Amino acid sequence: MLSVNTKDVIEQCTQVLEHIANDNSVPRNIRRAATEVVEKLNDDSEALFLRASSSISILEDISNDPNIPLHTRTLIWNVASQLETIPVDE
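Per numbering that gives the first Met the number 0, the sequence shown starts with residue 0, numbered consecutively.
Rendered as structure tokens:
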């Protein structure tokens, strides 16, 4: 069972990623990756720390895209940092 703090982290990350996915000023590939991360985080068939880890990997890849707007890169770094707080035992 998820702790309240971990559940809040996932909800906050999902909200930010959905905002990115719906922002037309963000390149399509970045929006698509944000949607992919949201789907991954909400997929309960895998352990949460594995979902968080693979999500961080995707976020790091897209944060290095030269076409990403600066404000979006900052949001992605913040989401990745929050996902890194998820403990392995959850």
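Where a beta carbon is used, it is the ideal one built from N, C-alpha and C, also for glycine.
Remember, predicted model here, so these are calculated numbers, not experimental data.
Buried versus exposed, by CB contacts within 10 Å (16 or more), residue i
| i | result |
| --- | --- |
| residue 37 | buried |
| residue 69 | exposed |
| residue 54 | buried |
| residue 8 | buried |
| residue 47 | buried |
| residue 87 | exposed |
| residue 16 | buried |
Closest residue to residue i among the options (Cα-Cα distance)
| i | options | result |
| --- | --- | --- |
| residue 75 | 5, 14, 4 | 14 |
| residue 11 | 79, 45, 69 | 79 |
| residue 66 | 27, 53, 77, 34 | 27 |
| residue 59 | 32, 39, 25, 45 | 32 |
Rounded Cβ spacing between residue i and residue j (contact assumed at less than 8 Å)
| i | j | result |
| --- | --- | --- |
| residue 85 | residue 51 | 4 Å |
| residue 72 | residue 56 | In fact, because the Cβ distance is near 16 Å, the residues do not count as touching under 8 Å. |
Proximity test, Cβ basis, 7 Å: residue i and chain D
| i | result |
| --- | --- |
| residue 58 | Absent here is chain D; the protein component of the structure consists of one chain. |
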